[in-house]
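**Student:** Pasting a structure below so you can have a look.
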């Protein structure tokens, strides 16, 4: 699915914690049969070809 999306110009990102989508109030809107279980979700969209550079932040790392 990710390769097919790329072939039509879409970017993708696999989301491994998607099995928790089953616990959301809108899960029923997906019309997934009770016999199936969500293991992975894939986000589809158009990538930002020229993202803005984030400002560097110092001192935001803490070691335990």
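Residue numbers (our numbering): 575 to 638.
The beta carbon of each residue, even a glycine, is placed where N, CA and C say it ideally should be.
1. Just to confirm, are residue 612 and residue 595 a CB contact at a threshold of 8 Å?
2. Check each candidate in 590, 586, 577 and name the one with the smallest Cα separation from residue 622.
3. Following the continuous alpha helix (DSSP H) through residue 592, name the residue where it begins and the one where it ends.
4. Could you name the residues of the same chain whose beta carbon sits closer than 8 Å to that of residue 589, not counting the 5 residues immediately before and after it, in chain order?
5. Looking at the structure shown, is residue 614 part of a helix, part of a strand, or coil, going by DSSP?
**Tutor:** To lay it out plainly:
1. Working through the chain shown from its first residue, we reach residue 612 at position 38. Working through the chain shown from its first residue, we reach residue 595 at position 21. It is a contact, given that the beta carbons lie within the stated cut-off.
2. Counting from one through the chain shown, the residue named residue 622 turns up at place 48. Nearest C-alpha to residue 622: 586.
3. In the chain shown, counting from the first residue as 1, residue 592 sits at position 18. No residue range can be given for residue 592, since it is assigned to no alpha helix (DSSP H) and is classified by DSSP as neither H nor E.
4. Walking along the chain shown from the start, residue 589 turns up at place 15. For residue 589, same chain residues with a beta-carbon under 8 Å away, outside a window of 5 residues either side, are 614, 615, 616, 617 in chain order.
5. Counted from its first residue, the chain shown places residue 614 at position 40. In this structure, DSSP gives residue 614 a state outside helix and strand, which the three-state scheme calls coil.
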